[in-house]
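Residue numbers (the UniProt record's numbering): 1 to 251. Using N, Cα and C, we set each Cβ at its ideal position, and we do this for glycine too.
Shown next, in the form of structure tokens:
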């Protein structure tokens, strides 16, 4: 019997009130960039399915060296987005159309989630399910292998990292109490100085589109791509067709 794994972020055992227990906070403007960053990072870490090697373009003047479709498919590409604080992540040079189609549908669904009038945010989950599909002449079979569940919060634009950490020439910030202002100033000083290790651990002070939080998510994906998936399922990833089912839902 095969095991179906669910990997959750933040981890269930994370310390309550710490930065690693906070949902991923994102604004509507950065929604597409962030979801692409997460899903493409998961795709990059997934075992490659074998395909029939074919001769590609010759490399060098001798013309003896060539690349296969597999090698071209996993060629790493660096990506970054100003909306995510120029966080750099690695993805595959080519993506399956099914991955992109499912991802675009999830982005539109996430953008359509409305923030209540009297609230500054709305919680939702990003789910990335990987399934193995086998096709025969008259049948097909699909089985889930692993599902990534990311707890997220969609916030208003004024709570984005670029707005709350901008200079005096940027648009004014919303009014807050003196206590909140002082706490926020501590976070600004911490983020500008010693990086993630010197940042304030005060609960609720993680900004939206925060590059430090996004890097933490990418490290989580890298670690659990190997630790949380049983090695016995490696053959499952490389057999049949690997399907990415990306969706969002309010919680």
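Notebook entry, point to check: Assuming residue 154 and residue 122 make a contact with CB atoms under 8 Å, what is their CB distance in whole Å?
Noted result: Against the chain shown, residue 154 aligns to sequence position 154. Against the chain shown, residue 122 aligns to sequence position 122. About 5 Å separates the two Cβ atoms, so the contact holds.
Notebook entry, point to check: So, residue 159 versus residue 125, is the Cβ gap smaller than 8 Å?
Noted result: Numbered from its first residue, the chain shown carries residue 159 at position 159. Numbered from its first residue, the chain shown carries residue 125 at position 125. One thing to note: residue 159 has its Cβ no nearer than 8 Å to the Cβ of residue 125.
Item checked: Rounded straight-line distance, which links the Cα of residue 24 to that of residue 211 -> Sequence index remark: in the chain shown, residue 211 carries index 211 (1-based). Sequence index remark: in the chain shown, residue 24 carries index 24 (1-based). If you draw a straight line from the Cα of residue 211 to the Cα of residue 24, it comes to about 11 Å.
Check: Are at least three pairs of beta-carbons, each pair with one atom in the stretch 129–144 and one in the stretch 90–104, less than 8 Å apart?
Finding: Counting Cβ pairs under 8 Å, fewer than three are found: no touch.
Check: Do you know how far the Cα of residue 209 is from the Cα of residue 30?
Finding: Here the question's residue 30 lines up with position 30 in the chain shown. Here the question's residue 209 lines up with position 209 in the chain shown. Roughly 7 Å separates the two Cα atoms.
Checklist line | Euclidean distance between Cα positions of residue 8 and residue 77 | finding: As a working mapping, residue 8 is identified with position 8 in the chain shown. As a working mapping, residue 77 is identified with position 77 in the chain shown. Roughly 26 Å between the two C-alpha positions.
Next item on the list: Would you kindly work out how many angstroms separate the C-alpha atoms of residue 27 and residue 157, rounded to a whole number?
Entry: Along the chain shown, one-based indexing puts residue 27 at 27. Along the chain shown, one-based indexing puts residue 157 at 157. Near 6 Å, if we compare the C-alpha coordinates of residue 157 and residue 27.
Checklist line | Under the three-state DSSP convention, the category residue 160 falls into | finding: As a first step, residue 160 must be located in the chain shown, where it is residue number 160. Under the three-state reduction of DSSP, residue 160 is assigned to strand.
Margin query: Using only the alpha-carbon positions, how far apart do residue 244 and residue 120 sit?
Written below: Counted from its first residue, the chain shown places residue 244 at position 244. Counted from its first residue, the chain shown places residue 120 at position 120. Residue 244 and residue 120: Cα-Cα distance of roughly 31 Å.
Notebook entry, point to check: Is there at least one non-hydrogen atom of the ligand ADP closer than 7 Å to the beta-carbon of residue 102?
Noted result: With respect to the ligand ADP, the structure offers nothing, as it holds no ligand at all.
Item checked: When 114, 91, 39 and 238 are compared against residue 251, the one with the closest alpha-carbon -> Indexing the chain shown from 1 puts residue 251 at position 251. The shortest Cα separation from residue 251 among 114, 91, 39 and 238 belongs to 114.
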